[in-house]
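Reviewing the structure listed below.
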Amino acid sequence: MAGKSQPGWETVYRENVGWVHRLLLAKVGNRADAEDLTTEVFLAALKPLRVDATTEQIRAYLVATARTVLAAHWRRLFGREITTIGLDEAGEIPVGAGENGNGPAGAATRHRLEAILAELPERAREVLRLRFLESYSLQDTADELGVTLANVKVIQHRALRLAARAAARIEERA
Amino acid sequence: MNDVNRFVDSLIGRRTPEPFRPDDEETEAMRGAVELQAALTADTAPRAEFAARLESRLAEQLDAPAETSTLASRRRVVQTAGIAAASLAAGVAIDRVVRGGPAPETAKPAGSWQNVMASHEVPDGGVREFDLDILTGYLVRTPEGLHAVSSTCTHLGCRLLLDARERQLTCPCHPAVFALDGDVVRYDLPIELPPLPRFDVRETNGVIQVFVPVKRA
């Protein structure tokens, strides 16, 4: 393409908003926060971007900004970071994943959920399945499994810690 | 542990969590909860209304008149608008002549053949942008031959960008995508979007020429 056609910020925004939002959604787990953080990233990042930056430079810069914004978000809420964006995560973004973003809906992530659950003991798996897939309350989960509320709280707490470790192991294997 | 339970409830209920000060074990449990919830939701694209709202916020911030050295492309917008106005005007004439197939030589409007680039600069399957001030476009060489298509969006005249991977022209201003032959691929606009005009093109002595159907001012 001729040197004249530098993309404007609108192009940079449109090509990148999809994966930035998806990355942050994967790190905070709820859409409202993912939207707020995506907004923060683009408000902070677009202004100082050079017009002649390459696609890779723009991605790297957006990942770095997202990392900072996510860290600040967790510190604000909990005084420490719950999830982080790794230095290597820029490389995992599929090329061209930006624009319409209507990838194979949920297939890959659903697979990931099953992979995490498969690593857990049966009781832990049942609790998390009811809670996250069926949106059961703790009380409903206790009733379903025939255990006390206090009991299901303990199981869930342990199950979540195991899930975090299982997810980390799956990440390493990938 | 109850704080973590509330955190999990907020995730499952898709709400923003309440702040507290978790210890190491609680942090690990929360990370597990985020992992699970993310695995359920992470593949979803941003809501269209969110993406549009953020874009207009960015426009307010970035298109401020003071900006010159950043991505805020005010200068480019002005420049593009000038080309767009001329190209749209030209497009009307071009469209009548070119779009319905080659017209007899005698029916051509006033204009001239202008050199664009050397033939070898557009290889087989290649797409190259050209800029003749009064009109801009892309040269495309396919097995069927060489053709030239306008790069001015038929909506509001923004300059289209080449998506080389998809072999499509996308509008940076509004959702509109054109094929390299000028046909509309898709768009999301409250209007009828005409296809892109095509220009007559010829190759003589290793030089590609495009017929510019209006005289330059």
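Respectively, the protein sequence lines represent chains Z and S.
Everything in the first sequence is counted per the numbering used here, starting at 204 for the first residue and increasing by one.
Everything in the second sequence is counted per the numbering used here, starting at 3 for the first residue and increasing by one.
Glycine included, each C-beta is placed from N, C-alpha and C at the ideal position.
Cβ of Z:T351 within 7 Å of any chain S Cβ | Locating residue 351 of chain Z in the first sequence gives position 148, where the first residue counts as 1. Z:T351 does not count as touching chain S.
Can you tell me the Cα-Cα spacing of Z:L280 and S:S12, whole angstroms?
-> Counting from 1 along the first sequence, the entry for residue 280 of chain Z is found at position 77. Counting from 1 along the second sequence, the entry for residue 12 of chain S is found at position 10. Going by the C-alpha atoms only, they are around 13 Å apart.
Name the DSSP bridge partner or partners of Z:H360?
-> The sequence position of residue 360 of chain Z within the first sequence is 157, counting from 1. DSSP lists no beta-bridge partner residue for Z:H360.
Between the CA atoms of Z:A267 and Z:A367 - distance to the nearest angstrom = To locate residue 367 of chain Z, count along the first sequence from 1; it is residue 164. To locate residue 267 of chain Z, count along the first sequence from 1; it is residue 64. Inter-residue distance for Z:A367 and Z:A267 is about 24 Å (C-alpha atoms, whole angstroms).
Could you tell me which chain Z residues have their CB closer than 8 Å to the CB of S:V10, listed as they occur along the chain?
-> Position 8 of the second sequence, counted from the start, is the residue given in the question as residue 10 of chain S. Ordered by position in chain Z, the residues that pass the 8 Å Cβ test against S:V10 are R334, Q359 and L363.
If you draw a straight line from the C-alpha of Z:A353 to the C-alpha of S:L64, how long is it?
-> The residue labelled residue 353 of chain Z in the question sits at position 150 within the first sequence. The residue labelled residue 64 of chain S in the question sits at position 62 within the second sequence. Each residue's Cα considered, the two are about 53 Å apart.
Output, in chain order, the set of chain Z residues within a Cβ distance shorter than 7 Å of S:Q116.
-> The count along the second sequence starts at 1 and reaches residue 116 of chain S at position 114. The contacting residues do not exist; S:Q116 stays about 16 Å from chain Z at best.
Residue from Z:F245, Z:A274, Z:Y264 and Z:R270 whose Cα sits closest to the Cα of S:E62 = Counting from one through the second sequence, the residue named residue 62 of chain S turns up at place 60. Taking only the C-alpha atoms, the option nearest S:E62 is Z:F245.
With 16 other Cβ atoms within 10 Å as the buried cut-off, status of Z:T287 | Here residue 287 of chain Z is taken as the residue at index 84 of the first sequence, counted from 1. It is exposed - the Cβ of Z:T287 has fewer than 16 other Cβ atoms within 10 Å.
Given S:E194 as reference, the closest of S:L158, S:N7 and S:P21 once Cα atoms are compared | The residue labelled residue 194 of chain S in the question sits at position 192 within the second sequence. Minimum Cα distance to S:E194 is reached at S:L158.
Closer than 7 Å at the beta carbon, the chain Z residues around S:A53 = Position 51 of the second sequence, counting from 1, holds the residue named residue 53 of chain S. Near S:A53 (Cβ distances below 7 Å), the residues of chain Z are V220.
Name, going along the chain, the residues of the stretch 233-255 of chain Z whose beta-carbon falls closer than 9 Å to a beta-carbon of chain S.
-> N233, R234, A235, D236, A237, E238, D239, T241, T242, F245, L246, L249, K250, P251, L252, R253 and V254
Below 8 Å between beta carbons is the criterion; list the residues of the stretch 273-288 of chain Z that meet it against any residue of chain S, in chain order.
-> R279, L280, F281, G282, R283, I285 and T286
For Z:A367, decide whether its Cβ has a neighbour in chain S, counting only Cβ atoms nearer than 7 Å.
-> Along the first sequence, one-based indexing puts residue 367 of chain Z at 164. Yes, because at least one Cβ of chain S sits closer than 7 Å to the Cβ of Z:A367.
Can you tell me which of Z:A263, Z:A229 and Z:L331 puts its alpha carbon nearest to the alpha carbon of S:A40?
-> On the second sequence, position 38 is the one that residue 40 of chain S refers to. The shortest C-alpha separation from S:A40 is found at Z:A229.
When we look at the beta-carbon of S:M32 and count the other beta-carbons within 10 Å, is it buried (16 or more) or exposed?
-> In the second sequence, the residue the question calls residue 32 of chain S occupies position 30. Counting Cβ neighbours within 10 Å, S:M32 comes out buried, since at least 16 surround it.
Cβ shell of Z:T351 (< 8 Å), same chain only, five flanking positions each side left out | By 1-based counting over the first sequence, the position of residue 351 of chain Z is 148. The residues are A345.
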